[in-house]
Each structure stands twice: as C-alpha cells, then as structure tokens.
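So the structure is just underneath, and the comments pick up after that.
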Amino acid sequence: MPYTAPVSEFTFLMEHVVGLPRVAGTERFAEATPDMVSAILTEAGRLADEVLAPLNRGGDLHPAHLENGVVRTSPGFADGYRAIAEGGYIGMSADPDYGGLGLPMVLTTAVNEMIGSACLSLQLNPLMTQGQIEALEHHASDDLKALYLPRLTSGEWCGTMNLTEPQAGSDVGALRAKAEENGDGTYAVSGQKIYISWGDNDFTENVCHLVLARLPDGVPGTKGISLFLVPKYIPDADGKPGKANDLKVVSLEHKMGLHGSPTAVMQYDGATGWLVGKPHGGMAAMFTMMNNARLGVGVQGLCQAEAAYQQALDYALERKQGRSPVEGGTGTILDHADVRRMLSEMKAEIFAARAIALANAAAIDMASATGDAAWDARAALLTPVTKAYGTETGIKVAQMGIQVHGGMGFIEETGAAQYLRDVRVTAIYEGTNGIQAMDLVARKMMDGGAAMFALLDEVDQTAKDAGDEGARLLAASGALREATEKLVAMEMNDRFAGAVPYLMAVARVLGGHFHLRAALTDEARLKLARVFLNRLLPEAHSLLAQAAAGADDLYALSAEELSA
Ligand SMILES: Cc1cc2nc3c(=O)[nH]c(=O)nc-3n(C[C@H](O)[C@H](O)[C@H](O)COP(=O)(O)OP(=O)(O)OC[C@H]3O[C@@H](n4cnc5c(N)ncnc54)[C@H](O)[C@@H]3O)c2cc1C
Numbered sequence: 011m012p013y014t015a016p017v018s019e020f021t022f023l024m025e026h027v028v029g030l031p032r033v034a035g036t037e038r039f040a041e042a043t044p045d046m047v048s049a050i051l052t053e054a055g056r057l058a059d060e061v062l063a064p065l066n067r068g069g070d071l072h073p074a075h076l077e078n079g080v081v082r083t084s085p086g087f088a089d090g091y092r093a094i095a096e097g098g099y100i101g102m103s104a105d106p107d108y109g110g111l112g113l114p115m116v117l118t119t120a121v122n123e124m125i126g127s128a129c130l131s132l133q134l135n136p137l138m139t140q141g142q143i144e145a146l147e148h149h150a151s152d153d154l155k156a157l158y159l160p161r162l163t164s165g166e167w168c169g170t171m172n173l174t175e176p177q178a179g180s181d182v183g184a185l186r187a188k189a190e191e192n193g194d195g196t197y198a199v200s201g202q203k204i205y206i207s208w209g210d211n212d213f214t215e216n217v218c219h220l221v222l223a224r225l226p227d228g229v230p231g232t233k234g235i236s237l238f239l240v241p242k243y244i245p246d247a248d249g250k251p252g253k254a255n256d257l258k259v260v261s262l263e264h265k266m267g268l269h270g271s272p273t274a275v276m277q278y279d280g281a282t283g284w285l286v287g288k289p290h291g292g293m294a295a296m297f298t299m300m301n302n303a304r305l306g307v308g309v310q311g312l313c314q315a316e317a318a319y320q321q322a323l324d325y326a327l328e329r330k331q332g333r334s335p336v337e338g339g340t341g342t343i344l345d346h347a348d349v350r351r352m353l354s355e356m357k358a359e360i361f362a363a364r365a366i367a368l369a370n371a372a373a374i375d376m377a378s379a380t381g382d383a384a385w386d387a388r389a390a391l392l393t394p395v396t397k398a399y400g401t402e403t404g405i406k407v408a409q410m411g412i413q414v415h416g417g418m419g420f421i422e423e424t425g426a427a428q429y430l431r432d433v434r435v436t437a438i439y440e441g442t443n444g445i446q447a448m449d450l451v452a453r454k455m456m457d458g459g460a461a462m463f464a465l466l467d468e469v470d471q472t473a474k475d476a477g478d479e480g481a482r483l484l485a486a487s488g489a490l491r492e493a494t495e496k497l498v499a500m501e502m503n504d505r506f507a508g509a510v511p512y513l514m515a516v517a518r519v520l521g522g523h524f525h526l527r528a529a530l531t532d533e534a535r536l537k538l539a540r541v542f543l544n545r546l547l548p549e550a551h552s553l554l555a556q557a558a559a560g561a562d563d564l565y566a567l568s569a570e571e572l573s574a
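With my numbering, the residue at position 123 of the sequence shown is 133, and numbering never jumps.
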C-alpha cells in the first residue's frame with residue numbers, strides 16, 4: 011500500500027504550533043537545529059515510504075508464527091527492522107552516554123508516526139525497546155545500563171514489557187508471577203505472562219524482557235510488585251548472548267489484526283533476572299516505560315489514521331459515481347458532499363491528534379531539559395489524552411476510510427480493512443482507553459485541576475487572538491473550565507462514569523486550539539480549522555453534559571435488568 015510521509019506537515023507543526031524552537035533553545039536540545047530536524051524527517055520519511063510500507067500487506071497475509079518453539083517473523087520484517095536500527099531511529103532520544111542520539115522526544119514522535127504508518131506491526135517492536143531503554147536509564151544499576159543500553163539502543167537486542175497475566179489485566183496488582191533471590195545478586199523469576207508483544211523474533215541477537223513479579227515479602231496489590239530484567243540469552247563475560255535462559259514462548263495468539271506482531275504467551279520457569287529499581291518499587295519503574303508507551307501507542311492510532319486517509323483520498327479521486335453536483339469538480343466521488351464531509355473530518359481529526367501528540371512530546375522535552383514541574387504536569391496531563399484520543403482517531407478514520415471506499419472497503423485486497431483491524435487494539439493495550447480516562451479525571455486532577463486550568467488559559471489566549479473565528483473555541487473552553495471545576499468536587503465513581511466523554515471533550519477543545527494556532531500562522535489553514543470548529547468542536551458541549559451526569563443512571567439498571 012503506497013504511503014507518503016507527511017514531512018512538511020511535521021515541520022510546520024513543530025516550528026509553528028507545538029514549540030520546537032523553545033525545545034531547541036534549551037542547552038540539552040541545542041543540536042536540534044531546523045536543518046538537522048529537516049534532514050532526519052526527510053530520511054525517515056524515505057525509509058517509511060520506500061522500505062517499510064511495502065512490508066505492511068505481507069505482514070497481514072503471512073503472520074508471525076511459531077515453528078518448533080521458535081518465532082518466525084513475516085516476510086521482509088528482518089530487513090525492515092535492520093533498516094530502522096541502522097538508521098539510528100530506535101535510540102534517537104536515548105542517552106548519548108550509551109550510544110543514543112539524545113534528540114528531543116518530539117522528533118522521535120514524528121519519526122515513530124512515519125514508521126508506524128508504513129508498517130504498524132513491525133513498528134511495535136522498536137517502540138517497546140524505546141520504552142525499555144527509558145525505564146533502564148532511569149531505574150537500572152550502572153552495571154545493567156552499561157551492559158544493556160548500548161545493545162538496545164543500536165537495535166542488536168530488543169525489549170518487551172511483561173505485565174499481563176490471565177487474572178491480571180487492567181488490575182496489574184493481581185499478578186502472581188514470583189521472584190526469589192538466587193544469592194548471587196540475581197533472581198529466579200517464575201510465572202506466566204500473556205499477550206506479550208514481540209515476545210520473541212528471529213532477527214535480534216537477544217530479547218530482553220522487563221517482567222513484573224512479586225518477591226516473597228511483597229505485599230498483595232501494586233505496592234508489592236518488583237521489576238526484573240530477564241534476557242532470552244544470559245550475557246556472557248564479553249556481553250555476548252550466552253546460555254539460554256529458562257523461559258519460552260508457549261504460543262502465539264491468532265488476532266483480529268496486527269498479524270505481523272507476534273503476541274506471545276510467555277512461560278518463565280526460574281529464569282535468571284536482575285532487579286531494576288528498588289524491591290517492591292516495580293510499578294514506579296514500569297510506569298516510566300508505560301508513559302513512554304502511552305504516548306507511542308497514541309501515535310500508533312494516529313499513524314493508522316494518516317495511512318487510511320491517504321488511501322481513502324486516492325480512491326475518492328479515482329472512483330466515479332453519479333453526476334457531480336458542483337461546477338468544475340473533479341468528476342469523481344470527491345465531488346459529493348457526504349464524501350467531502352468524511353474526508354474533511356478525517357483530515358481535521360488527524361491534524362488535531364497529531365498536534366496533541368507532538369505537544370505532549372514537546373512538554374516531555376521541556377520537563378527533562380528544564381526540570382520545571384509545570385512542564386512535567388503538562389506532559390502528565392496530556393499523556394492519557396494523546397493515548398485515548400489518538401487511538402480513537404485511528405479507529406474512527408480507518409472506519410470512515412472503509413466507508414469512502416464503499417463495497418471495495420469491505421474487500422480485503424484494497425487494504426482499507428487492514429488499517430481498521432490493525433488499529434483496533436491500540437484502544438485496548440497499554441491501558442484501555444477507559445483506564446486512560448480514569449487516570450485523567452483522578453490522578454491527573456489531584457492538583458484540583460491546576461494543570462488543566464493553566465492549559466485552558468493558553469486555549470483562551472488562542473481563541474482571543476483569533477478574534478471572531480475564536481468565538482466557538484472560547485465558549486467550549488469556558489464550558490470545559492466549568493465542567494472541570496465541578497468534576498474535581500465529584501465523588502470518584504461519578505467522575506469515572508463520565509471520564510471517557512470528559513477526555514474526548516478535552517481533545518475537542520485542544521483540537522480547536524491547535525487548529526486555530528496553525529491558522530494564525532498560515533491563513534490557508536483556516537479552511538481545515540473551520541471544519542474542526544464547525545463540525546467537531548461543538549461535540550464538546552454534549553460530551554461535557556455526559557461527563558456531568560454522574561453514575562446513578564448507570565447503576566439504576568440492575569444486572570438482571572441489563573440481561574432482560
Ligand atoms: C495484541 C495485544 C498486545 C498486547 N501487548 C501487551 C504487552 O506487550 N505486554 C503486556 O503486559 N500486555 C499486553 N497486552 C495486554 C493489554 O495491555 C491488556 O489486554 C489490557 O491492559 C486490558 O486488560 P484485559 O485484556 O485483561 O481486559 P480487562 O482488564 O479484563 O478489561 C475488560 C474491560 O473492563 C474494563 N475495566 C477493567 N477494569 C476496570 C476498572 N477498574 N474500571 C473501569 N473499567 C475497567 C476495561 O476498560 C475493559 O473495557 C496486549 C494485548 C493485546 C490484545
């Protein structure tokens with residue numbers, strides 16, 4: 011499926027909308043000059059278009075499979091992975107002391123989007139490694155860092171995250187995997203983990219699993235969980251993969267989509283592991299990886315939206331049906347108002363989701379470059395929005411992409427359906443979107459809404475700068491402010507009942523904000539901004555009404571009545 015990386019769109023957003031110049035103005039990211047950024051985006055775009063996009067269909071048709079206990083990956087994935095690793099894209103934001111490039115997350119986010127648009131199931135592999143690198147940088151001992159980080163950064167080895175067990179999904183605290191000290195500084199890790207993305211492969215020298223397990227004195231729940239680094243092959247004295255560890259892939263799941271990504275049931279039988287972070291401090295350490303992955307998965311949603319949009323637009327520009335209702339039209343279905351509505355909304359949603367993700371990444375960069383707590387709070391606030399809205403956008407746009415194709419959208423050979431099948435899981439893994447929304451209305455509101463109000467101050471300024479064009483945004487921002495004031499005073503379960511609509515209302519308001527910011531720089535962008543402001547932003551008001559409804563009506567129906 012052809013894909014053209016939207017390199018100039020990234021450049022515009024970074025330069026004019028999400029504040030790359032401010033990031034590059036810090037000492038830490040001074041190297042991210044416009045020339046360097048442009049060169050990296052262009053080169054990564056070429057890799058995505060020419061090398062990775064041709065692999066996407068093969069991954070769908072020829073899933074990764076297990077052969078005598080060994081995972082065999084889809085055709086061409088090994089070469090594609092090597093090209094990503096050799097391009098230096100895995101360690102773009104990693105610590106230069108361990109071979110990384112130390113570049114801003116905002117740049118990595120754009121590159122991840124392009125690689126993911128081209129071939130999502132392959133991109134999930136380096137995405138997991140990037141999260142693991144960040145977790146080890148922050149929480150591992152110096153010895154572990156020295157041994158693992160250079161190899162993960164170069165892509166010789168890759169990383170996975172192991173949280174889920176059959177009885178411990180969203181409720182990670184229910185996990186039963188165990189770890190016991192071996193007496194030599196290592197631990198014996200035992201238990202079964204399910205749904206482990208890229209649990210194995212046939213193209214990296216080693217696979218490094220970050221596994222959550224409980225030490226014998228670990229209390230029940232999340233406070234008793236520790237984190238262990240458990241490699242497939244135990245490194246020898248030279249740091250080369252040595253003896254095989256006591257772990258195996260039991261089976262691979264048969265999935266709705268994302269077929270090129272092997273999703274493994276992993277069995278650990280006293281496997282040798284090394285503690286990462288403090289005993290019982292596993293959740294804090296794993297959260298570093300999870301936050302990285304939440305931004306990354308939000309971008310996975312968005313990247314499928316971009317790819318689905320490009321394909322739908324190409325199709326609309328070729329398909330002829332009926333008489334054009336407009337003078338001087340294209341003579342294709344693009345002339346029909348409803349097809350216009352779909353494609354314009356798809357494009358407007360993609361812009362909003364991309365701007366939110368890049369602004370999230372820029373806030374992470376500003377937090378790490380300045381140590382300013384306000385940037386930390388901004389990044390923390392935006393992370394669940396990026397994850398949930400980015401992935402919902404992926405599903406909505408891929409679904410609309412099928413509709414634009416008409417019957418051909420339902421026929422696998424066009425590829426339109428693959429985008430929807432592949433993207434669907436992004437709303438589920440890395441914390442379901444329900445869990446993301448609960449995080450937003452609970453943990454991220456522990457400041458009484460201060461971080462949200464600071465963000466809304468900026469939104470109001472944009473709306474005022476836009477004059478008459480900003481009136482709708484100003485009204486929606488005011489409604490969100492009022493709803494947030496009420497929300498922080500609500501009982502927790504009432505908040506949870508409205509959490510998803512609240513998060514989507516936040517995304518609507520932020521979308522309006524970024525669209526108008528873009529239009530303030532480049533007037534031509536006002537056309538797309540108006541699509542968002544006229545058609546999508548008004549949803550904020552009905553979403554906020556739902557967010558304020560509380561939980562009573564939901565619990566009024568008994569389980570029996572629901573089944574009647
Ligand atoms: C393809 C794929 C790849 C994956 N990759 C990985 C991986 O690499 N590593 C890994 O560790 N895991 C992985 N997962 C697991 C994934 O993170 C979980 O599936 C996800 O966290 C949800 O857990 P669950 O499936 O047990 O659903 P459940 O937790 O049973 O949730 C079912 C429903 O209940 C809701 N729910 C649950 N608890 C609550 C609550 N407290 N409040 C409100 N609603 C709630 C959920 O939102 C959901 O709608 C993967 C899953 C898939 C399908």
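Note that beta-carbon positions come from the ideal geometry of N, C-alpha and C, so glycine has one too.
Between Thr14 and Gln471, the gap from beta carbon to beta carbon reaches 8 Å or more. Assigned with DSSP and collapsed to three states, Lys258 falls in strand.
By the criterion of a C-beta distance shorter than 7 Å, Ala365 is surrounded in its chain by Leu23, Val27, Val28 and Phe524, once the five residues flanking it on both sides are discounted.
When Cβ pairs closer than 8 Å are counted between the two stretches, the region 413-432 is seen not to touch the region 382-396, the count staying below three. If only uninterrupted alpha helix (DSSP H) runs of at least 4 residues are considered, those enclosed by the region 464-529 are 481-497 and 502-507. For the set Arg431, Asp386 and Leu490, the Cα lying nearest the Cα of Lys454 is the one of Asp386. According to the DSSP assignment, Asp449 belongs to the alpha helix (DSSP H) that extends over Asn443 to Val451. Between Pro511 and Leu553, the gap from beta carbon to beta carbon is short of 8 Å. At a Cβ-Cβ threshold of 8 Å, Ala550 and Val407 do not count as neighbours. Separation of the CB atoms of Gly341 and Lys330 is rounded to 6 Å, and the pair is thereby assigned contact status at 8 Å. Per DSSP, Val17 is one residue of the alpha helix (DSSP H) stretching across Val17 to Phe22.
The straight-line gap separating the alpha-carbon atoms of Lys188 and Lys357 is approximately 48 Å.
At a threshold of 7 Å, Ile50 does not count as near ligand 1, since its beta carbon sits no closer than that to any of the ligand's heavy atoms. Rounded to whole angstroms, the gap between the alpha carbons of Lys250 and Met514 is 48 Å. The C-beta distance from Leu237 to Leu225 rounds to 11 Å, too long to fall under 8 Å, and the pair is not in contact. In the structure shown, the three-state DSSP call for Asn172 is strand. The beta carbon of Ala372 sits closer than 6 Å to those of Val28, Gly29, Val33 and Val116, all from its chain and outside the five residues before and after it, given in chain order.
From the listed residues Lys397, Thr119 and Ala95, the smallest Cα separation to Val47 is found for Thr119.
Just measuring C-alpha positions, the residue of Glu19, Ser18 and Arg38 sitting nearest Asp375 is Arg38. Only exposed fits Asp107, as fewer than 16 other CB atoms lie within 10 angstroms of its CB.
When Leu51, Glu190 and Tyr158 are compared, the shortest CA-CA separation from Val121 is found for Leu51. For Thr52, the uninterrupted alpha helix (DSSP H) run begins and ends at Pro44 to Arg56, by DSSP. Positions of the beta strand (DSSP E) runs, each at least 3 residues long and wholly inside the region 187-223, are given as 188-191 and 197-207 in order along the chain. Taken through DSSP and simplified to helix, strand or coil, His551 comes out as helix.
Ile100 has its alpha-carbon roughly 22 Å from the corresponding atom of His269. Within its own chain, the residues whose Cβ lies closer than 8 Å to the Cβ of Met138, once the five positions on either side in sequence are excluded, are Cys168, Gly169, Thr170, Met171, Ser207, Trp208 and Ala303, listed in chain order. Shortest gap from the CB of Met514 to any heavy atom of ligand 1: 7 Å or more. Taking non-hydrogen atoms of ligand 1 into account, the C-beta of Lys265 is found less than 7 Å away from one of them.
About 5 Å separates the CB atoms of Val309 and Ala367; that is less than 8 Å, so the two are in contact. Ser568 is bridged by DSSP to nothing; it lacks a bridge partner.
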